[in-house]
Amino acid sequence: MQALTITDEELVARSMDGDVDSFNQLIRRWERPIYALAYRTLGREDDARDVCQETFLRAYRAINGFKGQAKFSSWLYRIALNLCRDWMRRQRRTPVVQMPEDVDISELAAAHGPSESIETLVGRREIGRAVAAAMAKLPEEQRTAILLKEYHGLTFQEIAEMQGCPLSTVKTRLYQGLSVVRRQLEKGGMSAADIRGDAS
Amino acid sequence: MSTHYTCDDTETLVAYLYDDIEPGQKDAVARHIATCGRCRDEVAALGGVRHALTAWTPPTPDLRFTVVPESAVSNVVTPDVPAWRRVPVWAQFVAATLALAVGASVANVQVRHDERGWTVSTGWMTPAPAAAAVAAAPAASDDWKVALTAMEQSLRHDIAARPAAGSAAPVAADAETIARVRALIEASEKRQQQELALRLTQFGRDIDLQRRADLVRVEQGIGQLEGRTGAEVARQREAINYLIRAGLRPPQ
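First to last, the sequence lines map onto chains A and X.
Using the working numbering, read the first sequence as starting at 1019 and increasing by one per residue.
Using the working numbering, read the second sequence as starting at 55 and increasing by one per residue.
In structure tokens form, the structure reads like this:
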């Protein structure tokens, strides 16, 4: 339980002193969010895994250069996003839509508990697929803004610093991105009720 | 900070949507959407998109990345680095020099300097020059000739002796290879069968899940139908009661 009370800043300070275990604690704490960001940015599981691994490797090598002006997590997100950008540039690819094939509906049901019916889970999976397809169509800046805000809970200010743009631009990107996703979902045959989840 | 909100102020609308907004502005937006249907619909639709976004979940692989201290991997051989690159530079230099010297002697490299300048020649067919500076070279080349001739004879002898000594060996080697190929084919077939069985099981499970989902849907449909039928019966009963009551009422 003691490990839970240690802040990222303390673990970073210990890592700077050469404590590898502390850095491994940081990895355990942040590997899932970084992987999720890479997966939603690139759309491929293997590439996301590689980017995630490379992110922590770079962070470990550069830990003594971390000044602590931003949060450690923001620093990691920035490294991961740069790696994703490099990967896309190198591969000259756009994000692909790949839903995890190994996810079984029964496994999903077990994960969500008995409160959600199979029908609901199947419906949510379809919506997830449609969302992934819609997000893949967005320009990179809009997609990144939505990912950081929606799934990682960054503030507008943090996203602005990460994207190197004014606060108002971040809000505009979010609005435009959400509007495009909405239109795409509607174009895909989803009603407003489906999108809101009223059916479930 | 403005506490007045107008339609099409999308930045403030987004701030309101994510509840990342000044309290005064938040109140202004809330007041506005209470009276403006278009903005209310916009907020509801974008809120719906936010809800839909939660359905997009990444897979959950077993990551467990770990940084290992250098001291812990000191006895681990890195497979990516070729063995020759791990040799010290000085040893590589000595080896290269030796190789060059041996190569030069085998190729019978001769360097000569006379009134026409420097001359470099190689090969055994060219007669050795008579210059004093390289007087020892022909003697050395004779030694190499003898050695090469002996090696050639030895090789010829070996080649001539091989068929007699190893006539049974290829048969045994072939039998072993065939056995290994058979084993590989069997293993592959077994694996394919297992995969097929796995796929069939998954397929059966998918069908079962779909059937259960359909059953739930059918049950819901029947439930709705029953509800509707019950309501209809109640209405009819009410109407009949009303008619009875009306029939029993004394005429005025």
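Think of the CB as a built atom: it goes at the ideal place given N, C-alpha and C, for glycine as much as any other residue.
These numbers come from a predicted model, not from an experiment.
- For R1201 (chain A), the uninterrupted alpha helix (DSSP H) segment begins and ends at 1185 to 1205.
- As computed with DSSP, V1140 (chain A) is found in no beta bridge at all.
- With distances taken between CA atoms, R1143 (chain A) lies nearest to X:L107 out of X:L107, X:T64, X:G102.
- The beta carbon of L154 (chain X) is closer than 7 angstroms to none in its chain, skipping five residues each way along the sequence.
- DSSP places V103 (chain X) outside any beta strand (DSSP E); the residue lies instead in the alpha helix (DSSP H), whose first and last residues are 91 to 107.
- Taking a C-beta distance under 8 angstroms as the contact criterion, Q1181 (chain A) and T1162 (chain A) qualify as a contact pair.
- Only E1063, A1066, R1067, C1070, Q1071, F1074 from the stretch 1060 to 1074 of chain A bring a Cβ to less than 8 angstroms from some Cβ of chain X.
- Within the stretch 81 to 110 of chain X, the residues whose Cβ lies closer than 7 angstroms to some Cβ of chain A are A99, L100, G102, V103, R104, H105, A106, L107, A109, W110, listed in chain order.
- Contact between the stretch 1187 to 1201 of chain A and the stretch 1086 to 1097 of chain A is absent: fewer than three C-beta pairs spanning the two stretches fall below 8 angstroms.
- Listed along chain X are E65, each with a C-beta nearer than 9 angstroms to that of S1186 (chain A).
- By the rule that beta-carbons nearer than 8 angstroms mark a contact, Y1053 (chain A) touches chain X.
- In the DSSP assignment, D1035 (chain A) falls outside any alpha helix (DSSP H) and carries neither an H nor an E.
- Annotation: the continuous beta strand (DSSP E) that includes V165 (chain X) extends over 164 to 168.
- No residue range can be given for Q1087 (chain A), since it is assigned to no alpha helix (DSSP H) and is classified by DSSP as neither H nor E.
- Here N162 (chain X) is buried. Its C-beta has 16 or more other C-beta atoms within 10 Å.
- Here T1059 (chain A) is buried. Its C-beta has 16 or more other C-beta atoms within 10 Å.
- In the three-state reduction of the DSSP assignment, G171 (chain X) falls in the strand class.
- Residue contact check for Y1193 (chain A) against chain X: a CB pair falls below 8 angstroms.
- Per DSSP, E1063 (chain A) is one residue of the alpha helix (DSSP H) stretching across 1063 to 1079.
- Taking a beta-carbon distance threshold of 8 angstroms, D73 (chain X) does not count as an interface residue toward chain A.
- Looking at A:G1086, A:A1066, A:E1204, A:N1082, the one whose alpha-carbon comes closest to that of N1100 (chain A) is A:A1066.
- Here the alpha carbon of E1028 (chain A) sits roughly 34 angstroms from the alpha carbon of R104 (chain X).
- Distance check between G1206 (chain A) and each of A:N1042, A:R1050, A:D1037, A:R1147 places A:R1147 closest, using alpha-carbon atoms only.
- The beta carbon of R1076 (chain A) does not come within 8 angstroms of any beta carbon belonging to chain X, so the residue lies off that interface.
- Interface annotation, R1200 (chain A): in contact with chain X, CB-CB separation under 8 angstroms.
- Counting only the Cα atoms, D1064 (chain A) lies some 23 angstroms from Q1043 (chain A).
- A distance of 8 angstroms or more separates the beta carbons of L117 (chain X) and E1072 (chain A).
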